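Numbering (this note's numbering), first residue to last: 7 to 398.
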């Protein structure tokens, strides 16, 4: 049986159950070209050697979403950010020739959807500076509800440019702040009462020496100027939280999740004084590999969703929790649930980033195999009070 080559996006809309050892003569399934027609139960000799995949989905298992395509043009479309402006989705991504950040060919683009990601407007250029590679690294809303976007610009020097847009089409440069400690990346922007806008940052060289740091940026003038505070420095790579996402919980409390670079569980960082001081601990979130987190706090239920892409396994995951249960107990996160499947090529897929419109969550990520990857969006209902998983 031939295959279309699209089996990186396997197992969409198929449920998983434990089974006896598989028959070694069983065939592989290509769900992209749908060559296995009239098959109701399929045994697979891939990543799940003892699993049955069946179209009869038990109520105990989530039906995986089929991601919607934002951009699959030729090239390395990658590292997307997604933000709701009112009822519209704005998805920002960059494209180059491969998994590189400084090539001149890499620029930042945006597309808009008014129908929940079903269709997207033509691509618009956000940033394309001669002599620089540009990558979107953080997004959020200002105090007026406009979208803010951090773009990292790397070439003969290294900068972070902050852009603002009210429509997702026209992006205006707001600031290019200079800091005592140069961030590798500035992440998503959120609002903290009595402080203003806040974004976390991290700095380092990914090497073996304790040269790594992280901290917070704050703006009291809606993004025009920023102050930098270092929370921890001289960290080893194993103790370094990277690409953090954070939410404000109320009463001065902030909860953040950070990615790790050495294969250990994600970090949790919390503050009880509006970000003045922080405490960092390791979580029990271990089904991750260089997995960038993205957090959504639902106002209606108070539930916190942690979205991340499990690289290598090719799974977009979600963990849902009442933040009160993990704020002081970071190893009590409930089990994850799979949301969608993507490429298993470790660093040619990943970087989940989420936003919400009403009771619906939208999670962007990229997936493929170099030199060609696509930007995708999965759409899922916001969690209800009864759908938390059990703790590991």
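C-beta: ideal position from N, C-alpha, C; glycine also.
Since the structure is predicted, the reported quantities are computational estimates derived from the model, not experimental observations.
The DSSP-derived three-state label of residue 332 is helix. Within a 10 Å sphere around the beta-carbon of residue 345 sit 16 or more other beta-carbons, which makes this residue buried. Nearest to residue 199 by C-alpha distance, out of 160, 282, 220, is 282. In the pairwise beta carbon analysis, the stretch 238-252 is classified as touching the stretch 195-214: at least three pairs are separated by under 8 Å.
DSSP, reduced to helix, strand and coil, places residue 243 within a helical segment of the structure shown. Counting every other CB atom within 10 Å of its CB across the protein chains shown gives residue 184 a total below 16, marking it as exposed. Residue 270 has no beta-bridge partner at all, per DSSP.
Nearest in C-alpha terms to residue 114, of all of 160, 352, 220, 386, is 160. In the displayed model, residue 352 falls within a helix according to three-state DSSP. As the crow flies, the alpha-carbon of residue 309 is around 32 Å from that of residue 239. The beta-carbon distance between residue 221 and residue 236, rounded to whole angstroms, is 4 Å. This is short enough to meet the 8 Å contact definition. Burial state of residue 210 is buried, judged by a 10 Å Cβ sphere holding 16 or more other Cβ atoms.
Residue 313 is positioned such that its CB atom lies no closer than 8 Å to that of residue 260. It is roughly 7 Å from the alpha-carbon of residue 165 to the alpha-carbon of residue 182. In the assembly as shown, residue 297 is a buried residue. Its beta-carbon has 16 or more other beta-carbons within 10 Å. For residue 88, the uninterrupted beta strand (DSSP E) run begins and ends at 82-91, by DSSP.
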